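Protein sequence lines, in the order shown, are assigned to chains Z and F. Once you know that position 215 of the first sequence is 275 in the working numbering, the rest is easy, because the numbers rise by one and skip nothing. Once you know that position 237 of the second sequence is 595 in the working numbering, the rest is easy, because the numbers rise by one and skip nothing. No residue lacks a Cβ here, since even glycine has one placed at the ideal position from N, Cα and C. Computed from a predicted model, the values in this text were never measured in an experiment. What follows is one structure encoded as structure tokens, with my remarks underneath.
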Amino acid sequence: MPGENTLLEIHDLHVGIDGNEILKGIDLKMGPGEIHAIMGRNGSGKTTTANVIMGHPDFDVEKGDVILEGESLLELEAWERARKGVFLSFQYPQAVPGLQVGNFLRKSVASIRGEDEAKGSVFRKELTSAMESLEIPRSFMSRYVNDGFSGGEKKRFEILQLMLLKPRLAVLDETDSGLDIDGIRTVSEGVNASIRGTDSAALIITHYSRILEHVQPDMVHVLLDGRIVASGGPELATKLEERGYEWLKEE
Amino acid sequence: MAKRGVIKVSGDSEAREAVGEYKAGWHDPENSTIRFDFGLSEEVVRQISELKEEPEWMTDIRVKAFKHFSERPMPTWGNTSMLEEIDFENICYYLKSSDSTERDWEDVPDDIRNTFERLGIPEAEQKWLSGVTAQYESEAVYHSIREDLEKQGVIFLDMDSGLKEYPEIVKKWFCSVIPYSDNKFSALNTAVWSGGSFIYVPEGVHVEMPVQAYFRINAKNMGQFERTLIVADKGSSIHYVEGCTAPSYSTDSLHSAVVELIALPGSHIRYSTIQNWSSNVYNLVTKRGIAHEDAKIEWVDGNIGSKLTMKYPAVILKGEGSHAEVISVAYSGEGQHQDAGAKIHHLASNTTSKILSKSISKNGGRGSYRGMVTVSPKADNCKLNVVCDALILDEGSRSDTYPTMEVANPSARCEHEASVSKVSDDQLFYLMSRGHSEEESLAMIVNGFFEPFTRELPMEYAVELNQLMALEMEGSIG
Ligand SMILES: Nc1ncnc2c1ncn2[C@@H]1O[C@H](COP(=O)(O)OP(=O)(O)OP(=O)(O)O)[C@@H](O)[C@H]1O
Ligand SMILES: [Mg+2]
Chain Z
61 MPGENTLLEI HDLHVGIDGN EILKGIDLKM GPGEIHAIMG RNGSGKTTTA
111 NVIMGHPDFD VEKGDVILEG ESLLELEAWE RARKGVFLSF QYPQAVPGLQ
161 VGNFLRKSVA SIRGEDEAKG SVFRKELTSA MESLEIPRSF MSRYVNDGFS
211 GGEKKRFEIL QLMLLKPRLA VLDETDSGLD IDGIRTVSEG VNASIRGTDS
261 AALIITHYSR ILEHVQPDMV HVLLDGRIVA SGGPELATKL EERGYEWLKE
311 E
Chain F
359 MAKRGVIKVS GDSEAREAVG EYKAGWHDPE NSTIRFDFGL SEEVVRQISE
409 LKEEPEWMTD IRVKAFKHFS ERPMPTWGNT SMLEEIDFEN ICYYLKSSDS
459 TERDWEDVPD DIRNTFERLG IPEAEQKWLS GVTAQYESEA VYHSIREDLE
509 KQGVIFLDMD SGLKEYPEIV KKWFCSVIPY SDNKFSALNT AVWSGGSFIY
559 VPEGVHVEMP VQAYFRINAK NMGQFERTLI VADKGSSIHY VEGCTAPSYS
609 TDSLHSAVVE LIALPGSHIR YSTIQNWSSN VYNLVTKRGI AHEDAKIEWV
659 DGNIGSKLTM KYPAVILKGE GSHAEVISVA YSGEGQHQDA GAKIHHLASN
709 TTSKILSKSI SKNGGRGSYR GMVTVSPKAD NCKLNVVCDA LILDEGSRSD
759 TYPTMEVANP SARCEHEASV SKVSDDQLFY LMSRGHSEEE SLAMIVNGFF
809 EPFTRELPME YAVELNQLMA LEMEGSIG
């Protein structure tokens, strides 16, 4: 469990945009093989946290640090972080008209895992089996990235990228929102397979306990107005689902 | 996939040598060219014609065209301030290469060599394109292609040889689609033209071989005032490719070509161009085709570079059931203005047309779409579709659209869509989060935007265009 060796450490993280403070001191530690969840009301700062871990240029880190395997990420650009093993499954994946899925996946694997990993029949098999497990039809290969994808298709495509890019740290921002019931199960299986028993870790941002029933997180954190106000085991998620967030405010 | 071969145009005619000025780009002009004096006069026009030993009718057309050119005022639309900067007196209208000695590869500027290299153009071809070798390796390929075409009765010559060998065909069609009086620059071209291609495809013959085999030749021979004429006889088809993604460095500041296409009933002509001019060049081109019954004409037109490009490939849908398509992309960088578009005239019933125009502007560049589609009162049940998209990469770059539709027949079905977009930070961030640098990400977005155009190109040129755009995106991040 946590502590022995740390994969990700977020330390007293303060983040603002255009002079407004959004994150007001976040602390978080994750070890290899762990899955943590972040829950919290709309606008509490969950996506901001994810964006700052990934290196979105619009946010100003005013204080604190984000450390992956002992190395601060803050000076690195998003693509450098990606090459160090950080992955973000976006809440709102962006469409890139004209950029073919197959081409994009191959290029992304090449830049993150190396040219050799993106070539040949081994990669093709990996791709085919990942697509099959996520029930993404082959015809998607020649479609354009997220262009005209349905909400659920976008989320499945994010997880396809997760499976192919094999990150050390995967941040999943509301990947379960918009997925059907089978989709949530499929995605959870994908996450479990990529994390459990490996030296990678996942941070799952969600509003619903359903996905957490499938992945059984080691820790659940509650974000409220830019601060983590409670942390606990999976039972915390169930409690939130039943009682909402109001009681936490009082505590 | 078609093999790339660069081939020497046949007919060792004097006329073809006349386009040797392409080589003069970075070559000491005293060394090997005979130049006419600067400036243009009836005398110069007559001399050009005489030097080429042309029939009298051609001399007459040239002279008439020259007179029209002299009297015709400059266009009063488009980028008039840039147009006013053209100094017609300071242009050499004809030069003739007096020898074909090879230049020194060491003299080719480094940045050009780098671009060639990074586009992945083989060294032999780089040298050839730079004019440092007289010809590129594939002469053998060329001969076999030519033999094949000849067996089918296809005529494929440079325009000067075409006039010599097939004067009656040339006479029948020359200026039939674009009269010299069409505009100031078509008049100028008609007066002083040299080089270009002449193609005749006989009835029912399909030129399967993509004529891209001639691609590099045309890139190299692309003269200042080239003239191209393609006649596709009944039921025939041809895909012609000209131009080059590699930069055409030229010291000639004015390029004014004329291209005429005649698609006889049931035939199909596709004409693909990519031009990448150096940023001192005025590229003022008139391109027009006539489509007879059930014929189809497609212009696939890519414009990169130049100072000012004005180019509106046109199709006259003269025969019932004919179809026109114009797919174009334009990329304008610093100090550049791409004024491009399309013109389609529906003169007959059941004719259909499609225009897709994509423009990207960056670093203060300016892209304009200027389009005109007309439907005549007698043309029933026409269908027209116009889509123009602009992508602006930074503040200070600009995009305008000037679409015109004149529909005089109520049965026409018209669709028009226009969009202007910017690259968003979120889109870039998404791609960067997948391990791609900012430049690479921008190139992915830009190439995606051009994809509807690129997919119409032969594979190897599509790849080159993508690489070229990736090069253009480098250093563009502030
Ligand atoms: N680019 C931005 N510009 C201005 N304000 C922003 C920006 N991004 C986020 N914010 C603000 O920061 C706060 C936190 O937003 P964030 O997207 O992190 O919330 P969230 O917890 O992910 O919410 P949700 O559950 O709705 O996805 C919100 O008040 C939001 O309006
Ligand atoms: Mg969010």
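Shown here for F807 (chain F): same chain residues with a beta carbon closer than 8 Å to its own, the five before and five after excluded, namely K716, I718, D747, L749 in chain order.
Here the distance from the Cβ of K106 (chain Z) to the nearest heavy atom of ligand 2 is below 7 Å.
The beta carbon of N721 (chain F) sits closer than 6 Å to the beta carbons of G691, E692 from its chain, once the five residues preceding and following it are set aside; these are given in chain order. Here DSSP, grouped into helix, strand and coil, assigns V559 (chain F) to strand. Listed as beta-bridge partners of T631 (chain F) by DSSP are F:E600, F:D659. Not one heavy atom of ligand 2 is found less than 7 Å from the C-beta of E218 (chain Z). Looking at the DSSP output, I86 (chain Z) bridges to Z:L73. With its beta carbon less than 8 Å from one in chain Z, S791 (chain F) belongs to the interface.
Rounded to the nearest angstrom, the Cβ distance from H274 (chain Z) to S248 (chain Z) is 3 Å, consistent with a contact under 8 Å. What I803 (chain F) touches in chain Z, judged by beta-carbon distance under 7 Å, is V156, going in chain order. Using a CB distance cut-off of 8 Å, S795 (chain F) counts as an interface residue toward chain Z. Taking the Cα of K645 (chain F) as reference, the smallest distance to any Cα among F:S711, F:L587, F:R728 is reached at F:L587. What D752 (chain F) touches in chain Z, judged by beta-carbon distance under 8 Å, is nothing: the nearest beta carbon there is about 16 Å away.
Here G699 (chain F) has Y670, S715, Y727, R728, G729 as same chain residues with Cβ atoms under 7 Å from its own Cβ, once five neighbours each way along the sequence are excluded. The Cβ-Cβ distance between L222 (chain Z) and S168 (chain Z) does not fall below 8 Å. The beta carbon of S539 (chain F) lies closer than 6 Å to those of H426 in the same chain, with the five residues before and after it left out. Its chain contains G660, K716, F808, F811 as the residues whose beta carbon lies nearer than 6 Å to that of V687 (chain F), once the 5 sequence neighbours on both sides are disregarded; these appear in chain order. For a Cβ distance threshold of 7 Å, nothing in chain F lies close to S254 (chain Z): the least Cβ distance comes to about 16 Å.
In the DSSP assignment, Q405 (chain F) falls within the unbroken alpha helix (DSSP H) covering 400 to 409.
Taking the Cβ of D233 (chain Z) as the reference point, at least one heavy atom of ligand 2 falls within a distance shorter than 7 Å.
In the structure shown, E443 (chain F) falls within a coil segment according to DSSP collapsed to helix, strand and coil.
According to the DSSP assignment, G158 (chain Z) belongs to the beta strand (DSSP E) that extends over 156 to 160. Residue side-chain check: D72 (chain Z) keeps its Cβ at 7 Å or more from all non-hydrogen atoms of ligand 1. Here the region 629 to 646 of chain F does not lie against the region 550 to 565 of chain F, with fewer than 3 beta-carbon pairs under 8 Å apart. Beta-bridge partners assigned by DSSP to I527 (chain F): none are found. From the beta-carbon of W139 (chain Z), the residues of chain F found nearer than 9 Å are L789, M790, S791, R792, G793, H794, S795, E796, E798, S799. Between the region 200 to 212 of chain Z and the region 257 to 265 of chain Z, the count of C-beta pairs closer than 8 Å stays below three; the two stretches do not touch. Under the DSSP assignment, P761 (chain F) falls in the beta strand (DSSP E) whose first and last residues are 756 to 765. Residue-level contact check: P413 (chain F) does not touch chain Z, since none of the beta carbons of chain Z fall below 8 Å from its beta carbon. Distance from the C-beta of Q151 (chain Z) to the nearest heavy atom of ligand 2 is below 7 Å.
Residue side-chain check: D236 (chain Z) keeps its Cβ at 7 Å or more from all non-hydrogen atoms of ligand 1.
Taking 8 Å as the upper bound on Cβ-Cβ separation, chain F lies near residues F164, K167, S168, S171, I172 of the region 161 to 193 of chain Z. G397 (chain F) counts as exposed, since fewer than 16 other beta carbons sit within 10 angstroms of its beta carbon.
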